[in-house]
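**Q** The opening position of the sequence shown corresponds to residue 1 in UniProt numbering, with each subsequent residue numbered one higher.
Glycine included, every Cβ here is placed at the ideal spot set by N, Cα and C.
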Amino acid sequence: MRRNNDRDPKKQLNQKNINERGQNLDNGLLVTHINQTQDLLRLQGDETQLSSAWEDSEDWLLTHNLKSMKLTLADLISQGTAMLKEGSNVTRKMHISTQTIHQLESKLSEAIELYQQRIQWLTENSKKVFGLIKGARVGVLIDVSAVSSGPQKEEFQSDLMSLIDEQLSHKEKLYVLSFGTTTSTLWPSPVEVGTSSLQELKLWVKKLQPDRGSNLLEALKKIFALKGLNSLVIIMGSCPDQPSEILSEYIQQSIMGRDLITHIITYKCDDQVPPAVLKHLAEALGGYYHCYSPETEIYSSREVDELLAEIQEAQSLRGHVQALHQSASCEERTGSMHEISTEVAKRPLTSLLPKPPKHEDPLTIEFPNLDKTSAEWLKTNSLKAKKLSLYQVLAPNAFSPVEEFVPILRKTVSATIHEKAMVQFEWHDGTMKNIHVDLPFLYEYQKQLSRAMRMYERRIEWLSLASRRIWGTVCEKRVVILLDISVTNSMYIIHIQHSLRLLLEEQLSNKDCFNIIAFGSTIESWRPEMVAASHSNLQSAWRWVLSLQCQGSRNVLSALRKAVEVDFKDKDKQQSQGIYLFTGGIPDQDVAMLSAYVAEARVGCDLQLNVCLFYVGESQMDTMPPACYASRSDTAAAYREFTRAAGGRFHWFGDTGIYESDDISAITSEMEKALNYSQKCALLVSSLKNQSGKQQESAALLRDKPKTLQLRRQPGKFCPSKPRARSVARTSIKDDPDREKSPPLKALLWSPLSGKAGVPPATAQPVKEGTADRRRKTKSRDAETSLSLFYTETGNNVGFVYRKYPQGRALRRTSFSIELPRKDTVCSSLEWVANYGLKKLKMEISRYLGPKCTHQKSTQTSASAKYCSIFPSIEINGMVRHSQCTPREIEAYITHLEKVMRRYVQRLQWLLSAGSRRLFGAILESKVCILLDTSGSMGPYLQQVKTELALLIWEQLRKHCDSFNLLSFAEGLQPWQDTLVGTTDAACHEAVKWVTNLHAQGSTSVLQALLATFSFPDVEGLYLLTDGKPDTSCSLILSEVQRLTEKRDVKVHTVSLNCSDRTAVNFLRDLASLTGGRYHCPVGEDSLLKMQGLLTRGFIKERDPMLPLFEGDDLRRLAQEITKARSFLWQAQSFRCALQAAPPTCLV
């Protein structure tokens, strides 16, 4: 299909007529490799329909814009009747009939709907990713930096394959070149588009490897050396190595005198190449731009923007027309509208922006205090300055440990502290000190820290108010303000003016001198040099600021040179000098160069450069693009380093508050230091309390010991006592000379499972011998535990040391290893679900839930209560079930289940995608025969079936089958060939021609068709398409087919087309089931439109409706798995909410 490449509209129309005449001359005698498009055009019967669908947007808009359809305001007025004033020729009223208004309103609505449909078409398939490629001889430049590894590489290659199949295959000539640090070509010169060249191109795309650089200029030099191309497509995956100005100038010079259309496309790199820069570069070249980023859902292009402009104009006119219903007089309304629009057009843009109250009033100047930076303020108010450092406070009571060598012992002896009267504490240099803790003194110290914290909080609050929130503290005596008025700040000029007003009113009146320099591409100074900060000068500066207009880029270097070399020309002789740069984006110049300039300028003088950065958002498409672009975080990082080199302060704020401030960070650091000191004080106090608590506990044991002995001396009735821990320990020590044995105390120490203190240990019965023997034979962790016992210094208490530690219980790990195919394979849904279903992937919700809780029905034991209080539980369908997973595991399960659902929906989209699969389903066998019902009832649908059958031949039979045959049946049989033939290009062409000659007439002889096709040797699958019941008995057909399948394993797949008879549907379903085949029922267009948005979103949200009840086996089986996955997802989400909240427990 030839394309129009001339940009002149008249020439385009003439060329289009020539092309249309040329197409009519093709009578099927043209010799080509594969002409699938021409075959489809014959089936359509109207070749101009497809060609108009592929028209350029400009050509389409020439005949479909509002002006050509006579839907403008001038056309409406021309249909009105002028009514003259009595006795004069002056028009008093313009009468427009109600019918005319209604007709215009209806046509405008239709035009808006038409434009929306056009936009939808432009954002489908490869046009969504790469836009609409114009021209017949196309050169494609591919940035291989977009070819990253992993799934992104496969996705990029898949998108390129779609571009080749859908658009590039319709061109006359192609030339491709990949570029990174170096360039690589597939062909030395442009080649004719054919089967072999397209196959080579696809193989070349699959072999693309990523590269780090993006040398676009070198690629342009090579492609401009070629001749014969009329279209250039540049696919960028990252920001090119060369600036956009150099590339634009080079392309303009190279295409001068050549009829070349340029397409600049960004593929998932809008964060590196912003849309505004892309649009500006394309407009400078007179070409097209397209921006594709699925993460942010950006599909912007020149064609779409032009259609959106038409929609906006139509909506505006429709609003005016609707307003006419409210009034009978059009003259007064039209006059007032014209008056308002004229008045608005005369006023500047700033007059339309919202303004704070009394924005243009004279300044209300205040005389501020002598403010200081936080660094200066902390010299007298820091913890160290106020002698509140913890180490300063503890120094009088801190003592280093004493170690001396004792000659008689021949070793170094360390001094010990009597009864641990001191606490060991780590000093700031890493050494350990013995600290005498004075509790009242530490309590008073912590109160002083609290007062210091409140002082620091008040300082931060003060820094966050009024003009200090925007500018920080302006402390220098000689000040120059650099004001950013670049065009990207146009919508924020009122905000900039108001910020400067606050500064002039609150902080500049006590300065010695000041000046204001506004900069865009050029600089504009309020005064040639600094002047005194008098009231009159401040008011004059404010009036000058009100007249500023945003324009140009962001030339920071020129503004800095003006301030340093003119305003501060005698900077070596002055003190306390500061430059305040108020900006909203990255400068035009390199930040490193600016840093070097300022660092050199401030050598030997007291000059600081402070940056006040305000965040205004990303550049919009309708604004002038910045000369340089950086993200929000990169811009802040660049200016942060800039201020470090300039010895100044960095202040970053936005509409939500202060993001970063050096003044506030200094105070915050001091607050963190105070908090650290307070925590260390609390640690000292707790250490002292722990020591005193242990001493009191030891004293209490000593006091209780004589009482125990007295009880033993009292006479009483003899009874054998149970062995105590002491006796058992001594026995163990006596029997085992190595003192290594399993802990004997474990059998004596009993604790109730319910945790109740009042339950006696009487239930701990002696262990039976058989049970004990079995436990000895069983290998456990306790058997590998050995202890070494010893007596302690207090009483007869026994201590023990582990010689062999028990083995820790292995942690339960829940790992998800889900492998899903990235590309859809040709198989039935039954087979696909068997391989990738929820059961196969072990994603069933029952795996994460325990059995139902039966503690309420069991005996009310304390153990049950203990378990129910430990394990989380949830109520499902009226039953409480304990959880077998943690919140982290259930979160991972939800994440992976959503991933699985998206893949299921992707498979469903593949089955419902446009083409032959929608009507015939997927062809599975390699040797097939298509049985087509051409009875009289098929007449209304035969043209559609012909088109879909031609697609089936090329899309599935040609690609996936080894041999095939076609057979139409009505009263008789009409086979295409007597046997199966190989799927060659020539055979497919012949089959398509045969399909075009089919006609609908007669009855439906299904049995004869099945008997004839079963006789074909080597046939594996039959695909029967019909619209109703057969003429013969359904049971007879089923019995005959059953008899035939006993001899040969041939599967019969049935397809029903617009069949509303349930008997016929059941027959087709039984026939397919009898032979192991599948029943398929195409989904209607209405159902597809309803599901389109839901399929894109993924059916993940709970409020999404359920999937429709599909009739076909493949769709129904897959829909059942999706429904099951949605049910599991909802249960898991409710389970997660229950785990986050207080879990229900069983009551005893």
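Just tell me which of GLU819, SER162 and CYS929 has its CA closest to the CA of VAL900.
**A** As a working note, residue 900 is residue 900 in the sequence shown. Residue GLU819 is the option with its Cα nearest to VAL900.
**Q** Is the separation between the beta-carbon of LEU688 and that of VAL437 shorter than 8 Å?
**A** To locate residue 688, count along the sequence shown from 1; it is residue 688. To locate residue 437, count along the sequence shown from 1; it is residue 437. Yes, the pair counts as a contact, with Cβ atoms nearer than the cut-off.
**Q** Which residue's Cα is closest to the Cα of TRP954: SER968, SER916 and SER1015?
**A** Walking along the sequence shown from the start, residue 954 turns up at place 954. For TRP954, the nearest C-alpha among the options comes from SER916.
**Q** My output table needs one value for THR825: the three-state DSSP class, helix, strand or coil.
**A** Position 825 of the sequence shown, counting from 1, holds the residue named residue 825. Coil at THR825, not helix or strand.
**Q** Return the first residue and the last residue of the alpha helix (DSSP H) that ALA1138 is part of.
**A** Position 1138 of the sequence shown, counting from 1, holds the residue named residue 1138. Unbroken alpha helix (DSSP H) run through ALA1138: 1113-1140.
**Q** When you compare each of TYR639, LEU607 and LYS562 to PHE582 by their alpha carbons, which one comes out closest?
**A** Residue numbering aside, residue 582 sits at position 582 when the sequence shown is read from its first letter. Out of TYR639, LEU607 and LYS562, TYR639 has the C-alpha closest to the C-alpha of PHE582.
**Q** Quick check on the DSSP output: the alpha helix (DSSP H) that includes PRO887 runs from which residue to which?
**A** Mapped onto the sequence shown, residue 887 falls at position 887. Here the alpha helix (DSSP H) through PRO887 covers 887-912.
**Q** Going by the DSSP bridge assignment, what does VAL233 pair with across the sheet?
**A** On the sequence shown, position 233 is the one that residue 233 refers to. According to DSSP, VAL233 bridges with VAL140 and HIS263.
**Q** Look at the alpha carbon of ARG137 and the alpha carbon of TRP204, and state the distance between them as a whole number of angstroms.
**A** Counted from its first residue, the sequence shown places residue 137 at position 137. Counted from its first residue, the sequence shown places residue 204 at position 204. Rounded to whole angstroms, ARG137 to TRP204 spans 19 Å at the Cα level.
**Q** Please check the pair LYS433 and PHE425, which I expect to be a contact at CB under 8 Å, by giving their CB distance rounded to whole angstroms.
**A** Mapped onto the sequence shown, residue 433 falls at position 433. Mapped onto the sequence shown, residue 425 falls at position 425. Sure, about 5 Å apart at Cβ, within 8 Å.
**Q** Tell me where the beta strand (DSSP E) around ASP484 begins and ends.
**A** Locating residue 484 in the sequence shown gives position 484, counting from the first residue. Element bounds for ASP484: 478-484.
**Q** Helix, strand or coil: which one does DSSP assign to residue 1159?
**A** Examination of residue 1159 is not possible in this model, given that the chain is present from 1 through 1148 alone.
**Q** Can you find the residues in the same chain that come closer than 6 Å, C-beta to C-beta, to VAL474, ignoring five residues on each side of it along the sequence?
**A** On the sequence shown, position 474 is the one that residue 474 refers to. Same-chain partners within the cutoff: GLN507.
**Q** Measure the alpha-carbon distance for ILE460 versus GLU505 and round it to whole angstroms.
**A** Taking the first residue of the sequence shown as position 1, residue 460 is located at position 460. Taking the first residue of the sequence shown as position 1, residue 505 is located at position 505. Taking the straight line joining both Cα atoms gives about 21 Å.
**Q** Quick check on the DSSP output: the alpha helix (DSSP H) that includes THR100 runs from which residue to which?
**A** Taking the first residue of the sequence shown as 1, we reach residue 100 at position 100. Looking at the DSSP string, the run of the alpha helix (DSSP H) that includes THR100 is 98-122.
**Q** I need the straight-line Cα distance from GLN79 to SER109, nearest angstrom please.
**A** Walking along the sequence shown from the start, residue 79 turns up at place 79. Walking along the sequence shown from the start, residue 109 turns up at place 109. Rounded to whole angstroms, GLN79 to SER109 spans 19 Å at the Cα level.
**Q** Starting from the Cα of ASP962, find the closest Cα among ALA592, LEU613 and LEU980 and give me that residue.
**A** Within the sequence shown, the letter at position 962 stands for residue 962. It is LEU980.
**Q** Report the partner residues of ASN610 according to the DSSP bridge assignment.
**A** Here the question's residue 610 lines up with position 610 in the sequence shown. Its beta-bridge partners are TYR580.
**Q** Counting only the same chain and skipping the five closest in sequence on each side, list residues whose C-beta sits under 7 Å from that of LEU388.
**A** Position 388 of the sequence shown, counting from 1, holds the residue named residue 388. Cβ neighbours of LEU388 beyond the five flanking positions: GLN448, LEU449 and ALA452.
**Q** According to DSSP, HIS428 sits in a beta bridge with which residue or residues?
**A** As a position in the sequence shown, residue 428 is number 428, starting the count at 1. None, per the DSSP bridge assignment.
**Q** Considering ASN125, what are the terminal residues of the alpha helix (DSSP H) in which it resides?
**A** By one-based count along the sequence shown, residue 125 stands at place 125. Element bounds for ASN125: 125-130.
**Q** Quick one: does the C-beta of LEU317 sit closer than 7 Å to a heavy atom of the ligand FAD?
**A** By its list of ligands, the structure shown contains no ligand whatsoever, and the ligand FAD lies outside what it can speak to.
**Q** Run through DSSP, which three-state label would residue 1152 get?
**A** Nothing about residue 1152 can be reported from this structure: the residues present for the chain run from 1 to 1148 only.
**Q** Starting from the Cα of GLU1040, find the closest Cα among PHE1014, VAL1055, MET455 and HIS320 and give me that residue.
**A** Residue mapping note: residue 1040 aligns to position 1040 of the sequence shown, counting from 1. Checked all of PHE1014, VAL1055, MET455 and HIS320; the closest Cα to GLU1040 is PHE1014.
**Q** Might you give, ordered along the chain, the residues of its own chain that have their beta carbon closer than 8 Å to the beta carbon of MET422, omitting 5 neighbours on each side?
**A** Locating residue 422 in the sequence shown gives position 422, where the first residue counts as 1. Once the five neighbours on either side are set aside, the close Cβ partners of MET422 are PHE399, ASN434, ILE435, HIS436 and VAL437.
**Q** Taking the alpha carbon of ARG543 as the point to measure from, which residue in GLY135, LEU363, CYS1034 and ARG212 has its own alpha carbon closest?
**A** Residue 543 sits at position 543 when you count from the first residue of the sequence shown. Of the candidates GLY135, LEU363, CYS1034 and ARG212, the one whose C-alpha sits nearest the C-alpha of ARG543 is LEU363.
**Q** Which whole-angstrom value describes the C-beta separation of ASN555 and SER521, a residue pair presumed to lie in contact below a C-beta threshold of 8 Å?
**A** Counting from 1 along the sequence shown, the entry for residue 555 is found at position 555. Counting from 1 along the sequence shown, the entry for residue 521 is found at position 521. With a Cβ gap of about 6 Å, ASN555 and SER521 count as contacting.
**Q** Could you give the distance in angstroms between the alpha-carbon of ALA395 and the alpha-carbon of SER414?
**A** The sequence position of residue 395 within the sequence shown is 395, counting from 1. The sequence position of residue 414 within the sequence shown is 414, counting from 1. Those two C-alpha atoms are separated by around 21 Å.
**Q** Output needed for TYR1079: all residues of its chain with C-beta closer than 7 Å, excluding positions within five of it in sequence on either side, in chain order.
**A** As a first step, residue 1079 must be located in the sequence shown, where it is residue number 1079. THR1054, LEU1068, ARG1069, ALA1072, GLY1112 and ASP1113.
**Q** Go to THR498, then tell me how far its alpha helix (DSSP H) extends in each direction, as first and last residue.
**A** By one-based count along the sequence shown, residue 498 stands at place 498. Contrary to the premise, residue 498 reads as His rather than Thr in this sequence. Its alpha helix (DSSP H) spans residues 493-506.
**Q** DSSP puts THR183 in a beta bridge; with which residues?
**A** Locating residue 183 in the sequence shown gives position 183, counting from the first residue. BP columns for THR183 point to PHE179.
**Q** Have a look at LEU683 and TYR677 and give me their C-alpha separation to the nearest angstrom.
**A** Your numbering for residue 683 matches position 683 in the sequence shown. Your numbering for residue 677 matches position 677 in the sequence shown. Approximately 10 Å, taken between the alpha carbons.
**Q** Can you have a look at LYS705 and say buried or exposed, based on whether 16 or more other CB atoms are within 10 angstroms of its CB?
**A** Numbered from its first residue, the sequence shown carries residue 705 at position 705. Note that LYS705 scores 44 on pLDDT, short of 50, meaning its location in the model is unreliable; the coordinates nonetheless yield the value given after this. Classification for LYS705: exposed.
**Q** Out of curiosity, what's the CA-to-CA distance linking ALA323 and TYR893?
**A** Sequence index remark: in the sequence shown, residue 323 carries index 323 (1-based). Sequence index remark: in the sequence shown, residue 893 carries index 893 (1-based). So the alpha carbons of these two residues sit roughly 56 Å apart.
**Q** Just checking my contact of VAL1052 with LEU924 at CB under 8 Å: how many whole Å lie between their CB atoms?
**A** Within the sequence shown, numbered from 1, the residue matching residue 1052 stands at position 1052. Within the sequence shown, numbered from 1, the residue matching residue 924 stands at position 924. Their Cβ separation, rounded to whole angstroms, is 12 Å, which puts VAL1052 and LEU924 out of contact at 8 Å.
**Q** Using CA coordinates, which residue listed in HIS359, SER536 and GLN589 is at the minimum distance from GLN497?
**A** The residue you call residue 497 lines up with position 497 of the sequence shown. Considering only alpha carbons, the answer is HIS359.
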